[in-house]
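Worksheet for the structure shown next.
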Amino acid sequence: GILAGIILLLMGIFHLGRFIRYIPYPVTTGFTSGIAVVIALLQLKDFLGLGVATGSGQGQFIAILSAVPSFHLPDLAVGLLTLFVLRYWPLLKTRIPGHLVALAVASLAVWAAGQWIEGFHVATIGSRFAYISQGQLAGSLGFVWPWNLPNAEGMSSGLSLFMIHALIPAAFTIAMLGAIESLLCAVVADGMAGTRHDPDAELIGLGLGNIIGPFFAAIPATAAIARTATNIRAGGRTPVAALVHALVILLVLLLFSRALAFVPMASLSALLMLIAWNMSEAREFLHIVRISPRSDVAVLLTCFLFTVIFDMVTAVGVGLVLAAVMFIISLFIEAGDI
């Protein structure tokens, strides 16, 4: 994580972030719509209360869709209640975000149902992620030396030039994935909020965060499209929103983690499904399909399908190569060589 952060920091210092502007619009639109579909599909597991083992890729999608008939009615009811509040709360035209109200209403409803209905249960953050160690809720915050933490074999890695050399390939991969996802997330945010980001500042900030995070036992992090879209839909437009977001998470971890444990997973999945729909750019997607040249449509659909079937990095890479090939072919056509 620290090595990846250093690489990201250097990328920002040497102004490598500006190359994101050369990604064609059909690639970013196909990627964004594909990510929205992936987010929505992954939420079906918690929204319907399906007992599906976690996995990755298209195999997980098939497993989730195959398990849909075995849905858990209480989880589905909580998810539908959350969607109902999210849909109609804005009609009251208050300054309180509907996202917070929906999660609070659903959490209270689950608590009340658990008190009055025998055998009622739904998956919550507490039941899904918490565990008890020596009679106490596990987890803590504090400063650590990352190289003293146990590795996969349960041994301390130690700090040495040999270890740094061995980790550089993995760190480079993490840095590239983080840069691509974060800068594409910034492009999507620009489209939603009508802003214009500084790609080099994004990389520098991301690098600093990943350098500092491991000293508090954090794993490498990137910008997240789902959280960013949620923030924008809730009214966030400036970097101050990101600062408030970070401070709220810190306060919740320090002061309200036990209360947070009661939030139903079905409510969170309903919220993310709505966010996925809002960020899908369905109208823009169909608009490109209807009026754009066939080359742009081919790039759009290819990037979309590769995002859904494989992953975002593969999709962006294939989309860029296809867009470049289409551009070269168009040059030959204009020159009369084809």
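In terms of my numbering, the sequence shown has 235 at position 235, counting the first letter as 1, and numbering is strictly consecutive. Even for Gly, the Cβ is constructed at its ideal location relative to N, Cα and C.
Environment of residue i [buried if 16+ CB atoms lie within 10 Å]
| i | result |
| --- | --- |
| I118 | Checking the sequence shown, residue 118 turns out to be Glu, not Ile. That one is exposed. |
| L266 | One point to set straight first is that residue 266 is Ala, not Leu, in the sequence displayed. Classification of A266: buried, given that the 10 Å Cβ count is 16 or more. |
| Q115 | exposed |
| A224 | exposed |
| G51 | exposed |
| F304 | buried |
| V289 | exposed |
Contacts around residue i, its chain only, beta-carbon distance under 8 Å, and the 5 residues preceding and following it disregarded
| i | result |
| --- | --- |
| L203 | L8, L9, M11, G12, L16, G17, A179, S182, L183 |
| R237 | A193, T195 |
| G98 | V85, L86, W89, P90 |
| V297 | P26, I288, V289 |
Top-ranked residue by Cα proximity to residue i, from the options
| i | options | result |
| --- | --- | --- |
| L103 | H197, G235, W89 | W89 |
| F306 | L80, I23, S33 | S33 |
| V38 | L73, A315, A234 | A315 |
| D311 | L44, T82, L177 | L177 |
| L322 | P24, I275, A4 | P24 |
| R258 | V52, S127, F14, R233 | S127 |
| H72 | P97, D46, L91, S66 | D46 |
| F143 | I164, A217, F327 | A217 |
| A77 | L274, L100, V122, V101 | V122 |
| N231 | P220, L243, A221 | L243 |
| L80 | L91, F304, A109 | A109 |
| M163 | V105, L3, G207 | L3 |
| A229 | P220, A241, A221 | A241 |
| V105 | L206, L268, S295 | L268 |
Neighbourhood of residue i by C-beta, 7 Å cutoff - its chain only, sequence neighbours within 5 removed
| i | result |
| --- | --- |
| L41 | F61, I64 |
| A113 | F120 |
| A261 | T124, I125, G126, A130 |
Rounded separation between residue i and residue j - CA only
| i | j | result |
| --- | --- | --- |
| A170 | Q43 | 29 Å |
| G49 | I211 | 37 Å |
| A324 | R95 | 46 Å |
| L254 | F285 | 42 Å |
| V318 | L86 | 37 Å |
| I333 | P264 | 57 Å |
| F19 | R227 | 24 Å |
| D200 | V188 | 16 Å |
| A276 | R233 | 11 Å |
| G30 | M279 | 12 Å |
| T173 | G5 | 11 Å |
| R283 | A36 | 13 Å |
| L208 | F14 | 15 Å |
| D75 | I249 | 25 Å |
Residues of its chain near residue i, where Cβ-Cβ distance is below 6 Å and the 5 sequence neighbours each way are ignored
| i | result |
| --- | --- |
| A186 | H197, E202 |
| S330 | none |
| L83 | A270 |
| Q134 | Interpretation of Q134 is limited by its pLDDT of 48, a score under 50 that renders its predicted location unreliable; the figure taken from the coordinates is listed afterwards. So the list is empty, once near-sequence residues are dropped. |
Residue i beta carbon near the ligand GDP (any heavy atom closer than 8 Å)
| i | result |
| --- | --- |
| A324 | This structure does not include the ligand GDP; it has no bound ligands of any sort. |
Any C-beta of chain D under 9 Å from that of residue i
| i | result |
| --- | --- |
| L10 | Among the chains of the structure shown, chain D does not appear; only one protein chain is present. |
Unbroken stretches of the alpha helix (DSSP H), 4 residues or longer, contained in the region 49 to 122: 57 to 66, 73 to 88, 98 to 116
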